Amino acid sequence: MDFLTIIQILDSTVRLATPLLLACLAGLFSERSGVFDIGLEGKMLAAAFLSAAVAAVTGNAWLGLCAGIFASVLMALLHGLASITFRGDQLISGVAINFLAAGLTVVIGQSWFALGGRTPSLIGGGRFPDITLPFADALAEVPVIGQIYSELISGHSILVYVAMAAVPLTWWVLYRTRFGLRLRAVGENPGAVDTAGISVVRLRYTAVIICGVLCGIAGSYLSTGLAAGFVKDMTAGRGFIALAALIFAKWRPWQALGACLLFGLLEAIGNRYQNIDILGATLPVQFMQALPYMLTVVILPGFVGKAIPPRAGGEAYVKER
Amino acid sequence: MKKMPKWADVLLIPAINLSLAFLISGLVIWAIGKDPWVAIKTMVQGSFGDSRGLGYTLYYTTNFIFTGLAVAVASHARLFNIGGEGQATVGGLGVALVCLAVPWPHWTLALPAAILGGALFGAAWAAIPAYLQAKRGSHIVITTIMFNFIAAALLGYLLVNVLKEPGNMAAETRSFPPGAHLPTFHEMLAPFGIDFNKNAPANISFLVALLCLIGFYVLIWKTRLGYAIRAFGQSESAAVYAGISPVKITIIAMLISGGLAGLMAINNVMGEAERLILNSVEGAGFIGIAVALMGRNHPVGVFLAALLFGFLYQGGAELALWESIPRELIVVIQGLVILLTGALDNMVRAPLEKLFLSFGKGEA
Numbered sequence: 137m138d139f140l141t142i143i144q145i146l147d148s149t150v151r152l153a154t155p156l157l158l159a160c161l162a163g164l165f166s167e168r169s170g171v172f173d174i175g176l177e178g179k180m181l182a183a184a185f186l187s188a189a190v191a192a193v194t195g196n197a198w199l200g201l202c203a204g205i206f207a208s209v210l211m212a213l214l215h216g217l218a219s220i221t222f223r224g225d226q227l228i229s230g231v232a233i234n235f236l237a238a239g240l241t242v243v244i245g246q247s248w249f250a251l252g253g254r255t256p257s258l259i260g261g262g263r264f265p266d267i268t269l270p271f272a273d274a275l276a277e278v279p280v281i282g283q284i285y286s287e288l289i290s291g292h293s294i295l296v297y298v299a300m301a302a303v304p305l306t307w308w309v310l311y312r313t314r315f316g317l318r319l320r321a322v323g324e325n326p327g328a329v330d331t332a333g334i335s336v337v338r339l340r341y342t343a344v345i346i347c348g349v350l351c352g353i354a355g356s357y358l359s360t361g362l363a364a365g366f367v368k369d370m371t372a373g374r375g376f377i378a379l380a381a382l383i384f385a386k387w388r389p390w391q392a393l394g395a396c397l398l399f400g401l402l403e404a405i406g407n408r409y410q411n412i413d414i415l416g417a418t419l420p421v422q423f424m425q426a427l428p429y430m431l432t433v434v435i436l437p438g439f440v441g442k443a444i445p446p447r448a449g450g451e452a453y454v455k456e457r
Numbered sequence: 117m118k119k120m121p122k123w124a125d126v127l128l129i130p131a132i133n134l135s136l137a138f139l140i141s142g143l144v145i146w147a148i149g150k151d152p153w154v155a156i157k158t159m160v161q162g163s164f165g166d167s168r169g170l171g172y173t174l175y176y177t178t179n180f181i182f183t184g185l186a187v188a189v190a191s192h193a194r195l196f197n198i199g200g201e202g203q204a205t206v207g208g209l210g211v212a213l214v215c216l217a218v219p220w221p222h223w224t225l226a227l228p229a230a231i232l233g234g235a236l237f238g239a240a241w242a243a244i245p246a247y248l249q250a251k252r253g254s255h256i257v258i259t260t261i262m263f264n265f266i267a268a269a270l271l272g273y274l275l276v277n278v279l280k281e282p283g284n285m286a287a288e289t290r291s292f293p294p295g296a297h298l299p300t301f302h303e304m305l306a307p308f309g310i311d312f313n314k315n316a317p318a319n320i321s322f323l324v325a326l327l328c329l330i331g332f333y334v335l336i337w338k339t340r341l342g343y344a345i346r347a348f349g350q351s352e353s354a355a356v357y358a359g360i361s362p363v364k365i366t367i368i369a370m371l372i373s374g375g376l377a378g379l380m381a382i383n384n385v386m387g388e389a390e391r392l393i394l395n396s397v398e399g400a401g402f403i404g405i406a407v408a409l410m411g412r413n414h415p416v417g418v419f420l421a422a423l424l425f426g427f428l429y430q431g432g433a434e435l436a437l438w439e440s441i442p443r444e445l446i447v448v449i450q451g452l453v454i455l456l457t458g459a460l461d462n463m464v465r466a467p468l469e470k471l472f473l474s475f476g477k478g479e480a
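Heads up: the sequence lines are chains A and B, in that order. If you count the first sequence from 1, you need to add 136 to reach this note's numbering. If you count the second sequence from 1, you need to add 116 to reach this note's numbering.
This is the structure in structure tokens:
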């Protein structure tokens with residue numbers, strides 16, 4: 137394996153980690169506020185569809201992104217309505233949202249485009265182009281550092297850089313702002329937050345909407361950045377891998393970046409090599425596909441460092457009278 | 117009167133929830149430019165109109181009874197088993213191994229063995245999440261989701277690399293021996309002079325499913341174990357105080373749940389395909405969630421909800437065929453049913469409760 141191959145694998149790692157990272161940070165906001173969200177998958181799927189549909193019709197990827205965020209936030213509000221306002225089961229609501237998205241995207245897609253649930257292939261301005269950073273071409277000949285810069289760091293769609301920037305931003309919001317303090321508190325002890333005169337309902341809705349926006353960007357990236365158009369079920373379990381990454385990262389932003397890059401690397405290796413020989417044993421491609429899920433099962437019960445979710449997660453808050 | 121009458125809780129609220137789900141589905145059909153009335157006629161005609169349609173409807177119903185009961189058992193212990201899909205997948209592996217291992221002389225021998233194989237494999241797939249929940253406190257929902265994906269990858273690997281016939285392009289096992297063939301409704305009803313459609317996949321597994329419904333009722337409401345499961349589900353601390361071990365009940369409830377989901381394989385793998393193929397569960401594990409929610413975790417309710425979804429599945433196939441409305445419409449309806457009966461239950465319940473309470477005051 138030469139240096140360029142490694143760079144190429146890492147390059148596709150970054151691309152594949154981006155939707156995971158955005159969805160993972162989305163889940164982080166929601167779950168830190170005490171609203172469990174297993175509907176990340178559905179929100180991404182809805183966003184992927186609507187953004188590709190709007191981008192295909194208007195030829196503008198930015199309008200597509202807005203539409204994708206709109207679709208995802210709509211789903212997020214439905215989740216909020218069920219789990220915050222009506223105090224329903226958050227897990228069941230998430231399951232329902234996944235099904236609604238899986239069904240509606242195909243039914244509506246078939247009705248609009250009659251392509252069996254696909255959207256037309258995106259060309260030109262309908263996709264987010266790859267951005268070439270300054271001096272990338274000039275530095276491409278410089279060994280190692282130049283190659284890393286021009287191949288790995290430069291040449292991604294704008295949404296990849298948005299996702300990377302979202303990590304320090306999330307950290308800052310969570311640990312350095314008043315909103316972040318309250319958000320973390322409401323996920324651990326909503327009663328205390330309420331006693332301090334802060335609305336639990338409003339805080340949680342805010343978190344759920346932020347979750348919707350981030351999932352919207354993640355879904356739009358899938359259909360208008362990574363691929364060129366929407367196909368049925370194109371999220372393919374990424375929402376659940378993001379959930380796994382969130383647990384892996386123990387609900388912390390920088391660790392989320394690490395977990396998503398790891399899972400992205402696994403996918404990149406799995407895409408490039410069908411079977412891998414390590415120390416005489418052959419790892420089948422299915423093993424690589426299942427590895428993120430297996431790692432989560434191992435990490436969750438604390439065999440390798442215990443993952444403890446926010447204490448008030450999954451419970452609707454009932455104000456005392 | 118302090119609370120709603122029972123009939124309102126058991127009948128009225130599900131009826132309202134279901135009507136809302138169908139109303140919204142009708143709007144979706146109307147919005148994509150089709151006639152909802154024609155759609156519902158096509159669905160009823162296609163699923164109950166003749167014995168072929170009925171045979172398919174009851175075939176799907178059988179699947180959903182098994183997966184619905186699986187979710188319901190766990191629910192009584194307040195465990196949300198979202199892993200029916202994976203457990204049914206692995207149950208299919210168990211049934212296939214049993215059917216392929218022995219040149220069965222007759223189905224009466226093959227069926228009990230396959231039931232054992234499917235249930236054991238399904239239960240084994242539920243055992244690890246159950247253990248992790250009971251002993252280490254890792255959330256059963258997350259682990260069972262992960263196990264669904266692991267099951268899919270495992271089956272993919274086994275079918276492609278181990279179980280596939282050499283020379284066969286498709287990732288599937290060889291066909292089961294003729295002795296493992298389960299009687300279909302056509303064969304079962306012919307001696308009585310009833311001519312049931314020959315190609316419909318409904319088979320004797322339907323009767324096994326009905327037996328499971330009765331067994332479920334007896335287990336949950338008439339046995340000591342069922343009492344312990346319900347007590348644990350109502351209040352863990354009270355159950356502990358009564359000497360019920362949370363670890364034991366969690367694991368036993370999940371083993372029964374996984375076993376029931378694995379049992380589904382006698383219908384779809386042994387009864388219909390007669391070989392193991394990729395993705396033979398086709399989402400039935402997830403439909404079990406909707407079925408259990410709608411059926412209020414009661415066998416009568418589970419049966420009616422399974423029949424409803426059997427109708428929706430078969431009717432949905434007919435819709436795709438005749439009206440060119442994608443089959444995914446059923447997924448939308450499924451999502452709406454789960455949302456309205458599960459997550460948005462309070463939306464209907466709270467105002468209704470208020471209404472009944474105000475009536476109660478008027479009488480008093």
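All residues carry an ideal CB built from backbone N, CA and C; glycine is no exception. As the structure is a prediction and not an experimental result, all values here were calculated from the model.
Contact between the region 154-172 of chain A and the region 343-361 of chain A is present: 3 or more CB-CB pairs across the two stretches fall below 8 Å. Not one beta carbon of chain A lies nearer than 9 Å to the beta carbon of GLY199 of chain B.
Remark: C-beta atoms of SER187 of chain A and ALA203 of chain A approach each other more closely than 9 Å.
Excluding residues up to 5 positions away in sequence, LEU452 lie with their Cβ nearer than 6 Å to the Cβ of ILE140 of chain B in the same chain. Look at the beta carbons and you see the region 215-224 of chain B touching the region 281-294 of chain B: at least three pairs across the two are nearer than 8 Å. Using a CB distance cut-off of 9 Å, ASN277 of chain B counts as an interface residue toward chain A. Counting C-beta pairs closer than 8 Å gives fewer than three between the region 157-175 of chain B and the region 399-411 of chain B, which falls short of the contact rule. With its beta carbon less than 9 Å from one in chain B, MET430 of chain A belongs to the interface. Its Cα nearest to that of PHE402 of chain B, the residue B:MET380 stands out among B:MET380, B:PRO415, B:ILE367, B:VAL416.
DSSP places ILE143 of chain A in the uninterrupted alpha helix (DSSP H) bounded by 139-168. Note that the region 319-335 of chain A does not touch the region 173-181 of chain A; fewer than 3 beta-carbon pairs, one per stretch, sit closer than 8 Å. In the three-state reduction of the DSSP assignment, ASP173 of chain A falls in the coil class.
Annotated three-state conformation of ASP266 of chain A is strand, per DSSP.
Under the three-state reduction of DSSP, SER257 of chain A is assigned to coil, being neither helix nor strand. Residue state for GLU451 of chain A is assigned as coil, using DSSP reduced to three classes.
DSSP lists A:ILE267 as the beta-bridge partner residues of HIS292 of chain A. When the beta-carbon positions are compared, GLN226 of chain A and GLY400 of chain A stay at least 9 Å from each other. Our two residues, GLY378 of chain B and LEU236 of chain B, have alpha carbons roughly 8 Å apart in a direct line.
At a C-beta separation below 8 Å, VAL303 of chain A has no neighbours in chain B, since its nearest C-beta there lies roughly 23 Å away. The alpha-carbon separation between ALA328 of chain A and PHE315 of chain A amounts to approximately 15 Å.
At a cut-off of 9 Å between C-beta atoms, ARG168 of chain A does not count as an interface residue with respect to chain B. By the criterion of a C-beta distance shorter than 6 Å, CYS396 of chain A is surrounded in its chain by ALA153, LEU156, LEU157, CYS160, ALA381, once the five residues flanking it on both sides are discounted. In the three-state reduction of the DSSP assignment, LEU419 of chain A falls in the strand class, which pools E and B. Of all residues in the region 356-389 of chain B, none is placed with a Cβ closer than 8 Å to any Cβ belonging to chain A. With respect to the 9 Å criterion, GLY361 of chain A and ARG263 of chain A are classified as neighbours on the basis of their beta carbons. Out of A:PHE376, A:VAL454, A:ALA448, the CA that lies nearest to the CA of VAL433 of chain A is found in A:PHE376.
With a threshold of 16 other beta carbon atoms within 10 Å, LEU471 of chain B falls short and is exposed.
As the crow flies, the alpha-carbon of GLY142 of chain B is around 20 Å from that of GLY458 of chain B. Under the Cβ criterion of 9 Å, LEU424 of chain B is not counted among the residues facing chain A. In the structure shown, GLU403 of chain A falls within a helical segment according to DSSP collapsed to helix, strand and coil. Assignment of GLU281 of chain B by DSSP, reduced to helix, strand and coil, places it in the coil class. Inside the region 301-372 of chain A, DSSP marks whole alpha helix (DSSP H) runs of 4 or more residues at positions 314-324, 326-331, 336-357, from first to last along the chain. Remark: C-beta atoms of VAL447 of chain B and ALA238 of chain A approach each other more closely than 9 Å.
It is roughly 27 Å from the alpha-carbon of ASN384 of chain B to the alpha-carbon of ILE233 of chain A.
Among the residues of the region 201-229 of chain A, those with a Cβ less than 9 Å away from any Cβ of chain B are LEU214, HIS215, LEU217, ALA218, SER219, THR221, PHE222, ARG223, GLY224, ASP225, GLN226, LEU227, ILE228, SER229, in the order of the chain. Just so you know, the alpha carbons of SER321 of chain B and TRP153 of chain B end up roughly 34 Å apart.
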